[in-house]
Amino acid sequence: MEDEKIIELYWQRSEAAIQESQAKYGGLCRSVAANILADRQDCEECLNDTWLGAWNAIPPAKPGRLGAFLAKITRNLALKKFGYLNADKRRSFAADSIEELSDCVSGNISAETEAERLRIEQVINAFLGSLTQEKRRLFVWRYWYFYSVEDISRRTGYSKSKVKSMLFRLRRELKNYLEKEEVEI
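All the letters of the sequence shown, read from the start, carry residue numbers 0 to 184 under numbering that gives the first Met the number 0.
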């Protein structure tokens, strides 16, 4: 079923919207959750919360890309669950990806205004837009979907060492781009 029709079902408050969302995007959302959460039961809970989150968000939201909208809900829920489960300990799944970016993005954003947050978002989007499709895909797989280096290696056919090298260069490019744009994060 087309995304527009699924969104229309949400607007009509039809439970078929959830079934269609699960059928079309369940695999994507499960993959996102599994890359962050190791436990199968936690993943399933996250997926159930995703469908509830979509139900509560649509309407009023009318997403342009339903798959990305659902994946973002899943990602945010999984990261929240990950943080809760690992408050005092680190687990290598998502933590490795986040730690890799720490040289570029410190996370110490204190008195940030909404306008500054939007500016940073625009700068990062511009950076991603400046990349080739291949580099952008690698960056998004690693730092948005939290795919492991091994997963990326399998998907691309590149050696793990080449993937690590490409990701290292991408992080360095991001850092330079942020400095050029005078963004301190």
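Glycine included, C-beta positions come from ideal geometry on N, C-alpha and C. Remember, predicted model here, so these are calculated numbers, not experimental data.
Note the first and the last residue of the continuous alpha helix (DSSP H) segment covering residue i.
i      : result
Gln18  : 15-35
Ala77  : 65-84
Glu44  : 39-56
Phe167 : 159-179
Glu183 : Glu183 -> no alpha helix (DSSP H), and no H or E assigned at all.
Thr131 : Element bounds for Thr131: n/a, residue is neither H nor E.
Trp10  : 2-10
Val152 : Note that residue 152 corresponds to Ser in the displayed sequence, not to Val. Note, Ser152: alpha helix (DSSP H), 148-155.
Please report the straight-line C-alpha distance between residue i and residue j, rounded to a whole angstrom.
i      : j      : result
Gly156 : Asp41  : 30 Å
Ile5   : Lys80  : 27 Å
Val182 : Ile119 : 7 Å
Thr73  : Arg29  : 8 Å
Arg171 : Ser147 : 19 Å
Ser158 : Glu133 : 15 Å
Gln18  : Tyr83  : 29 Å
Gly63  : Ala37  : 30 Å
Phe167 : Glu115 : 27 Å
Arg135 : Lys174 : 15 Å
Lys71  : Trp54  : 14 Å
Ala22  : Ala77  : 20 Å
Glu3   : Gly25  : 17 Å
Ser58  : Leu51  : The sequence shown places Pro at residue 58, not Ser. So the two alpha carbons sit approximately 12 Å from each other.
Ala56  : Trp140 : 25 Å
Asn85  : Trp143 : 19 Å
Arg39  : Val31  : 12 Å
Asp150 : Asn75  : 21 Å
Ala60  : Leu117 : 19 Å
For residue i and chain E, any beta-carbon pair shorter than 8 Å?
i      : result
Glu181 : The displayed structure is made up of one protein chain only, and chain E is not part of it.
Measure how close the beta-carbons of residue i and residue j come, nearest whole angstrom, since I'm counting them as under 8 Å.
i      : j      : result
Ser214 : Leu69  : There is no way to answer for residue 214, as the model of the chain reaches only from 0 to 184.
Phe145 : Asn34  : 4 Å
Gly230 : Leu27  : Residue 230 lies beyond the residue range present for the chain, which begins at 0 and ends at 184; the question has no answer from this structure.
Val122 : Leu177 : 7 Å
Problem set entry | the segment 43-55 in contact with the segment 156-171 per 3-pair CB rule at 8 Å | no
For this session: Specify whether the segment 113-127 and the segment 143-156 touch according to this definition: at least 3 beta carbon pairs, one from each stretch, less than 8 Å apart.
Result: no
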